[in-house]
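Asker:
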Amino acid sequence: MADKLRVAQELATTHARHLGTLDGDSTREGWLKGVVRDGCGVQAGMAGMVVYNSIAWGETAEEAHVRLIDGMVDPLKQHRVPPPPLTQQEAQANGHH
Numbered sequence: 078m079a080d081k082l083r084v085a086q087e088l089a090t091t092h093a094r095h096l097g098t099l100d101g102d103s104t105r106e107g108w109l110k111g112v113v114r115d116g117c118g119v120q121a122g123m124a125g126m127v128v129y130n131s132i133a134w135g136e137t138a139e140e141a142h143v144r145l146i147d148g149m150v151d152p153l154k155q156h157r158v159p160p161p162p163l164t165q166q167e168a169q170a171n172g173h174h
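Next comes the structure, spelled out in structure tokens:
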């Protein structure tokens with residue numbers, strides 16, 4: 078019993094320390110949203126990255142900053158990342174053929 082508790086505590090510590098570590102109930106789309114959201118948040122918080130993105134996108138720094146913040150709100154739509162394709166098991170479970 079003590080081993081199970083220790084493993085659970087270590088897993089909770091890992092989840093708190095590292096981005097992208099999810100539990101068994103997490104979906105691929107949920108993971109992808111989290112990664113894009115975190116990436117946009119980090120870049121929006123760094124003035125140098127905002128300027129870098131504004132040059133790359135041909136926008137002002139303010140427009141790039143707003144675009145990054147919008148990417149945090151709806152990560153998949155903003156960055157035009159399609160949801161990952163269903164695996165065979167997921168398609169069968171959802172009734173798709």
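Residue numbers (the working numbering): 78 to 174. A virtual CB, placed ideally from N, CA and C, is assigned to each residue, including glycine.
With DSSP collapsed to three states, give me the class of D151.
Answerer: Coil.
Asker: Report all residues from its chain with a CB closer than 6 Å to the CB of L109; omit the five preceding and five following residues, and keep chain order.
Answerer: So no residue of the chain qualifies.
Asker: What is the DSSP secondary structure of M126, reduced to helix, strand or coil?
Answerer: Reduced to three states, the DSSP call for M126 is helix.
Asker: Just to confirm my understanding: we take M126, look at its own chain, exclude 5 residues before and 5 after, and list those with CB closer than 7 Å. What are they?
Answerer: Closer than 7 Å at the Cβ level, and outside the excluded window around M126, lie Q120.
Asker: May I ask you to report which of helix, strand or coil DSSP gives L175?
Answerer: In the structure as shown, the chain starts at 78 and stops at 174, and residue 175 therefore has no counterpart that could be examined.
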